[in-house]
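Okay, structure first, notes after.
Number of protein chains: 2
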Amino acid sequence: MGVNLKDIAQRAGVSLATVSNVVNGYRPVGERTRQRVQQAIDELGYSPNLGARHLRRGRTGLIALAVPELTNPYFAELAEIAIAEAAALGYTLVMENTAADREAELALLDGSRQRIIDGLILSPVRIGREEVLARTAGSPLVLIGEGVYDVPHDHIAIDNVAASHAAIRHLVAIGRRRIAFIGATPGGDRQSAHLRVRGYREALAAAGLPYRPRLVAGTDAFGRLDGMRAMRDLLALGDPPDAVFGYNDMVAIGALRALAEADHRVPEDVAVVGIDDIEEGRFTAPTLTTIAPDKREIGRLAVRRLIARIEGAEVAGPLTVQTPFRLLRRESTGTPDA
Amino acid sequence: MGVNLKDIAQRAGVSLATVSNVVNGYRPVGERTRQRVQQAIDELGYSPNLGARHLRRGRTGLIALAVPELTNPYFAELAEIAIAEAAALGYTLVMENTAADREAELALLDGSRQRIIDGLILSPVRIGREEVLARTAGSPLVLIGEGVYDVPHDHIAIDNVAASHAAIRHLVAIGRRRIAFIGATPGGDRQSAHLRVRGYREALAAAGLPYRPRLVAGTDAFGRLDGMRAMRDLLALGDPPDAVFGYNDMVAIGALRALAEADHRVPEDVAVVGIDDIEEGRFTAPTLTTIAPDKREIGRLAVRRLIARIEGAEVAGPLTVQTPFRLLRRESTGTPDA
DNA sequence: GCGCGGCTCTATAACGTTATACAGGTGATG
DNA sequence: CATCACCTGTATAACGTTATAGAGCCGCGC
Numbered sequence: 001m002g003v004n005l006k007d008i009a010q011r012a013g014v015s016l017a018t019v020s021n022v023v024n025g026y027r028p029v030g031e032r033t034r035q036r037v038q039q040a041i042d043e044l045g046y047s048p049n050l051g052a053r054h055l056r057r058g059r060t061g062l063i064a065l066a067v068p069e070l071t072n073p074y075f076a077e078l079a080e081i082a083i084a085e086a087a088a089l090g091y092t093l094v095m096e097n098t099a100a101d102r103e104a105e106l107a108l109l110d111g112s113r114q115r116i117i118d119g120l121i122l123s124p125v126r127i128g129r130e131e132v133l134a135r136t137a138g139s140p141l142v143l144i145g146e147g148v149y150d151v152p153h154d155h156i157a158i159d160n161v162a163a164s165h166a167a168i169r170h171l172v173a174i175g176r177r178r179i180a181f182i183g184a185t186p187g188g189d190r191q192s193a194h195l196r197v198r199g200y201r202e203a204l205a206a207a208g209l210p211y212r213p214r215l216v217a218g219t220d221a222f223g224r225l226d227g228m229r230a231m232r233d234l235l236a237l238g239d240p241p242d243a244v245f246g247y248n249d250m251v252a253i254g255a256l257r258a259l260a261e262a263d264h265r266v267p268e269d270v271a272v273v274g275i276d277d278i279e280e281g282r283f284t285a286p287t288l289t290t291i292a293p294d295k296r297e298i299g300r301l302a303v304r305r306l307i308a309r310i311e312g313a314e315v316a317g318p319l320t321v322q323t324p325f326r327l328l329r330r331e332s333t334g335t336p337d338a
Numbered sequence: 001m002g003v004n005l006k007d008i009a010q011r012a013g014v015s016l017a018t019v020s021n022v023v024n025g026y027r028p029v030g031e032r033t034r035q036r037v038q039q040a041i042d043e044l045g046y047s048p049n050l051g052a053r054h055l056r057r058g059r060t061g062l063i064a065l066a067v068p069e070l071t072n073p074y075f076a077e078l079a080e081i082a083i084a085e086a087a088a089l090g091y092t093l094v095m096e097n098t099a100a101d102r103e104a105e106l107a108l109l110d111g112s113r114q115r116i117i118d119g120l121i122l123s124p125v126r127i128g129r130e131e132v133l134a135r136t137a138g139s140p141l142v143l144i145g146e147g148v149y150d151v152p153h154d155h156i157a158i159d160n161v162a163a164s165h166a167a168i169r170h171l172v173a174i175g176r177r178r179i180a181f182i183g184a185t186p187g188g189d190r191q192s193a194h195l196r197v198r199g200y201r202e203a204l205a206a207a208g209l210p211y212r213p214r215l216v217a218g219t220d221a222f223g224r225l226d227g228m229r230a231m232r233d234l235l236a237l238g239d240p241p242d243a244v245f246g247y248n249d250m251v252a253i254g255a256l257r258a259l260a261e262a263d264h265r266v267p268e269d270v271a272v273v274g275i276d277d278i279e280e281g282r283f284t285a286p287t288l289t290t291i292a293p294d295k296r297e298i299g300r301l302a303v304r305r306l307i308a309r310i311e312g313a314e315v316a317g318p319l320t321v322q323t324p325f326r327l328l329r330r331e332s333t334g335t336p337d338a
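Protein chains in written order, with the UniProt record's numbering: chain L, 1 to 338; chain W, 1 to 338.
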């Protein structure tokens, strides 16, 4: 269909190999020949067939970012950063949606797709250490977010326990005593949920507050609807909480909605904190206090490290990086930052 | 690196071609041989090299969906639908982010990427008819959303003018008279903005209401921040509006925020309507009345039509499809649906 | 007994690219 | 003058797959 090297070679009256050398500069070409070839390329509008190049070189220049939900703004924001970083390094990043599905994660991990991408950045939620260790595909893998430890791959995440500490400390500092958590998964396998609950419990203990199991609400998933339902249940308790900490911003925003519907004032009656710092939280009424991971750092680091591995750089062993986070005080805890 | 056809052939003691036939069923294979081959495949964990298959077949099984902003939930929701539909038809859909950048749209239109994907679904915002006509790439193209007409490609969109009519009629029906529009682009090139403004003006005229240019607020982009700023400006007018219609839900949500900050009641003082029906609008306080395009229909239709073209189906001429939409009444106009 | 069609399977030529080995020519060096 | 190094350019073998042509075998009908 398209114009290929042979067409150019004929047009310019040189060999195939010479055209290839002009295109990718693997070997020097005389100035006059180069110009003739270049002219032919311009005239015929040649662009290399990436499939064939891939076949020959063993690289596609494609990397993938696989996330559990495209519709979670956290991942969309992360993706935009990662795409830009990949482009700056000469790679194309494609998005994959695992839909939080175990089969999809496994397929990505060592499945057929691997054959067309040079490397994978994966945010796993349904698979664990064993599955990652069992992987056979040879291409580099970088894990982001929580869920899998002690595997021979780079891993980038925030310290979830510490993040919870920061959120709870803030709520305690503004005088809250009955602090709920929304987004635990009782029998679930989302590792980050367990870690965030752990941080929540530790921080309560450190503040000398009792741990009340009834204030820890489980959810099926981690969307706004889940947060709203859980908050309704909490409000139905005889003695409702005076603050809630959500597994993420979407859950927290769902909680805000339930509170508004029940005519509870935020933050006067109930203070709310989330995690992720999605843009949406800056426009809710009230605006949402949140733990803000450094998305730029996570996105850029994941891409850079993956590409370093692809290009065979001898980065010392698999590295686990904990990226920084900040507490952003907004209206939902009554004490907005400057 | 990976296991290939030759490895399987050796292991099973058959020829390369036979393995290929077992894998893709191009020609019948005897039952006993098939089993031996299948066993070898399972044991060695073979999966075909997509690059090589592409080179040979001329197809990759990859299609792309290019949108102006990954972080706009409308596109994220659309993408999830399209990904599922593509998967059901045996294709893999990858997301591309044009970042509303003209160069990015052009590069996608007939650039090098085309060589690795079988077809493209594009939501153009910075390019027009000429650019699309000038495209040289041979792979099928489906356009979604507004912006380009009279080109030899399938085009799927809602009727923006009619959508505006519906929104304005609703606002008029609940007694509003000073209706503003947020998200016009005065000198801009976003076609859908022009169309939505046109529908707004026509509907005002049909209702016997005057057109007041000061109530039409331009924005640089179409995010929450833009909506918030524009709303602030409108409120600063001597005679502020009693209703606003946003270019999309994100703009409308920004307007909601500005109204909350200024202590205006919604919908009592100002009613608000958006377009897109993003999930976020079901959780704002108040919930957002919106024009809901049939995202499922748009996403599925775009994918199905693209794949039909790729597979050479003789679909009659390029087709322009207008997909249906509905008005969803929620709290921001005071009259929630059942 | 021989030709013929049908059924399995095999050998092999592409697809478009890049890397390797090599050929021809030129100028410098021993 | 022969040798060597060097510089340009060429021919060609991969990469892993699929489609085509054809080889071998069996049974059937004349």
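Built from N, CA and C at the ideal position, the CB exists for glycine as well. These numbers were taken from a predicted model, which means no experiment stands behind them.
Item to check | ASP110/L, enclosing alpha helix (DSSP H) - first and last residue | outcome: Reading the first sequence from its first residue, position 110 is the one you call residue 110/L. Element bounds for ASP110/L: 102-110.
Checklist entry - Going by C-alpha distance, which of ALA9/L, PRO213/L, ALA258/L and LEU234/L is nearest ARG224/L? => result As a position in the first sequence, residue 224/L is number 224, starting the count at 1. Selected option, being the one with the closest Cα: ALA258/L.
Next on the checklist: Does chain L have any CB closer than 8 angstroms to the CB of PRO73/W?
Outcome noted: Locating residue 73/W in the second sequence gives position 73, counting from the first residue. At least one chain L Cβ lies under 8 angstroms of PRO73/W.
Checklist entry - Quick one: Cα of ASN21/L to Cα of ASP42/L, how far? => result On the first sequence, residue 21/L is found 21 positions in, with the first residue counted as 1. On the first sequence, residue 42/L is found 42 positions in, with the first residue counted as 1. Taking the straight line from one Cα to the other gives about 16 angstroms.
Checklist entry - Apart from the five residues on each side of it in sequence, which residues of its chain come closer than 7 angstroms, Cβ to Cβ, to LYS295/W? => result The count along the second sequence starts at 1 and reaches residue 295/W at position 295. The residues are GLU77, LEU78 and ILE81.
Item to check | Nearest-angstrom Cβ-Cβ length linking ILE253/W and LEU204/W, presumed shorter than 8 angstroms | outcome: Indexing the second sequence from 1 puts residue 253/W at position 253. Indexing the second sequence from 1 puts residue 204/W at position 204. That pair is no contact at about 23 angstroms.
Checklist entry - Out of curiosity, what's the CA-to-CA distance linking ILE158/L and ARG232/L? => result Residue 158/L sits at position 158 when you count from the first residue of the first sequence. Residue 232/L sits at position 232 when you count from the first residue of the first sequence. In this structure, the alpha-carbon of ILE158/L lies about 30 angstroms from that of ARG232/L.
Checklist entry - Within 8 angstroms (strictly less), CB to CB, does GLU77/L reach chain W? => result What you label residue 77/L is simply residue 77 of the first sequence in a count that begins at 1. Yes, GLU77/L counts as interfacial toward chain W.
Next on the checklist: Just verifying my parser: in three-state terms, what is the DSSP assignment at HIS155/L?
Outcome noted: Position 155 of the first sequence, counted from the first residue, corresponds to residue 155/L. Here HIS155/L sits in strand by DSSP.
Checklist entry - Taking the alpha-carbon positions, what's the ASP249/L to ALA243/L distance? => result Within the first sequence, the letter at position 249 stands for residue 249/L. Within the first sequence, the letter at position 243 stands for residue 243/L. Rounded to whole angstroms, ASP249/L to ALA243/L spans 15 angstroms at the Cα level.
Next on the checklist: Can you pull the chain L neighbours of THR136/W, defined as C-beta to C-beta under 8 angstroms?
Outcome noted: What you label residue 136/W is simply residue 136 of the second sequence in a count that begins at 1. Simply GLY45.
Next on the checklist: Within a Cβ cutoff of 6 angstroms, which residues of the same chain sit near residue 342/W, ignoring the five residues on either side of it in sequence?
Outcome noted: No statement about residue 342/W is possible, as the shown extent of chain W runs from 1 to 338 and does not include it.
Item to check | Beta carbon proximity, ILE116/W to chain L, threshold 8 angstroms | outcome: Taking the first residue of the second sequence as position 1, residue 116/W is located at position 116. ILE116/W counts as touching chain L.
Next on the checklist: If you reduce the DSSP assignment to three classes, tell me which class PRO320/L lands in.
Outcome noted: Position 320 of the first sequence, counted from the start, is the residue given in the question as residue 320/L. Per the sequence shown, the amino acid found at residue 320/L is Thr instead of Pro. Residue state, collapsed to three classes: strand.
Next on the checklist: Between the alpha carbons of ARG126/W and GLU297/L, how many angstroms are there, rounded?
Outcome noted: Reading the second sequence from its first residue, position 126 is the one you call residue 126/W. Reading the first sequence from its first residue, position 297 is the one you call residue 297/L. In a straight line, the C-alpha of ARG126/W is about 30 angstroms away from that of GLU297/L.
Next on the checklist: the ligand PLP and PRO73/L: does the residue's C-beta get closer than 7 angstroms to at least one heavy atom of that ligand?
Outcome noted: Because no ligand of any kind appears in the structure shown, any question about the ligand PLP cannot be addressed here.
Checklist entry - With C-beta atoms as the reference, is GLY51/L less than 8 angstroms away from THR92/W? => result Here residue 51/L is taken as the residue at index 51 of the first sequence, counted from 1. Here residue 92/W is taken as the residue at index 92 of the second sequence, counted from 1. The answer is no: Cβ separation not under 8 angstroms.
Next on the checklist: Going by beta-carbon coordinates alone, are ILE121/L and ILE63/L separated by less than 8 angstroms?
Outcome noted: Position 121 of the first sequence, counting from 1, holds the residue named residue 121/L. Position 63 of the first sequence, counting from 1, holds the residue named residue 63/L. Against a cut-off of 8 angstroms, the Cβ pair of ILE63/L and ILE121/L comes out as a contact.
Checklist entry - Going along chain L, which residues have a C-beta under 7 angstroms from ILE253/W? => result The residue you call residue 253/W lines up with position 253 of the second sequence. PHE283, listed in chain order.
Item to check | alpha helix (DSSP H) segments (min. 4 residues) lying fully within the stretch 230-287 of chain W | outcome: 249-261
Checklist entry - Quick one: Cα of ILE117/W to Cα of GLU261/W, how far? => result The count along the second sequence starts at 1 and reaches residue 117/W at position 117. The count along the second sequence starts at 1 and reaches residue 261/W at position 261. Going from the Cα of ILE117/W to the Cα of GLU261/W covers about 47 angstroms.
Item to check | Own chain, CB closer than 6 angstroms to PRO324/W, minus 5 neighbours either side, in chain order | outcome: Here residue 324/W is taken as the residue at index 324 of the second sequence, counted from 1. Correct list, in chain order: ASP294.
Item to check | Buried or exposed (CB count within 10 angstroms, at least 16 for buried), GLN191/W | outcome: Position 191 of the second sequence holds residue 191/W. Buried is the call here.
Next on the checklist: If you reduce the DSSP assignment to three classes, tell me which class PHE75/W lands in.
Outcome noted: On the second sequence, position 75 is the one that residue 75/W refers to. In the structure shown, PHE75/W sits in a helix (DSSP, three-state: H, G or I).
Next on the checklist: Our contact map puts THR18/L next to VAL37/L with C-beta atoms below 8 angstroms; I'd like the distance itself, whole angstroms only.
Outcome noted: Residue numbering aside, residue 18/L sits at position 18 when the first sequence is read from its first letter. Residue numbering aside, residue 37/L sits at position 37 when the first sequence is read from its first letter. Right, their Cβ atoms sit about 7 angstroms apart.
Checklist entry - Is there contact between the stretch 303-312 of chain L and the stretch 85-102 of chain L, where contact requires at least three CB pairs shorter than 8 angstroms? => result yes
Checklist entry - Hey, quick one: how far does the beta strand (DSSP E) through VAL67/W stretch, first residue to last? => result Looking up residue 67/W in the second sequence gives position 67. Its beta strand (DSSP E) spans residues 62-67.
Checklist entry - At a Cβ cut of 8 angstroms, what residues of the UniProt domain "HTH lacI-type" (3-57) of chain W count as close to chain L, listed as they run along the chain? => result Against chain L - using a Cβ distance shorter than 8 angstroms - the residues of the UniProt domain "HTH lacI-type" (3-57) of chain W are GLY45, SER47, PRO48, ASN49, LEU50, GLY51, ALA52, HIS54 and LEU55.
Checklist entry - Excluding sequence positions up to five away, which residues of its chain have a Cβ less than 8 angstroms from the Cβ of ARG329/W? => result Along the second sequence, read from residue 1 onward, the residue named residue 329/W stands at position 329. Same-chain partners within the cutoff: HIS170, THR289, THR335, PRO336 and ASP337.
Checklist entry - Near LEU109/W, what residues of its chain come up, given a Cβ to Cβ distance below 6 angstroms and the 5 sequence neighbours on each side ignored? => result Mapped onto the second sequence, residue 109/W falls at position 109. The answer, listed in chain order, is ARG135.
Item to check | Segment contact, 8 angstroms Cβ cut-off, at least three pairs: the stretch 263-281 of chain L with the stretch 68-76 of chain L | outcome: Yes: the two stretches touch, three or more of their Cβ pairs being nearer than 8 angstroms.
Checklist entry - For ILE179/L, does the three-state DSSP call read helix, strand or coil? => result For the purposes of this step, residue 179/L is identified with residue 179 of the first sequence, where counting begins at 1. Here ILE179/L sits in strand by DSSP.
Item to check | DSSP-derived helix/strand/coil call for VAL3/W | outcome: Indexing the second sequence from 1 puts residue 3/W at position 3. Coil.
Checklist entry - Would GLY227/L be called buried (16 or more neighbouring beta carbons within 10 Å of its own) or exposed? => result Numbered from its first residue, the first sequence carries residue 227/L at position 227. With 16 or more other Cβ atoms within 10 Å, it is buried.
Checklist entry - According to DSSP, is GLU146/W helix, strand or coil? => result Within the second sequence, numbered from 1, the residue matching residue 146/W stands at position 146. Reduced to three states, the DSSP call for GLU146/W is coil.
Item to check | Nonlocal neighbours in the same chain, by C-beta distance under 6 angstroms from ALA12/W, ignoring five residues either side | outcome: What you label residue 12/W is simply residue 12 of the second sequence in a count that begins at 1. Counting only Cβ-Cβ distances below 6 angstroms, and skipping sequence neighbours, we find ARG36, VAL37 and ALA40.
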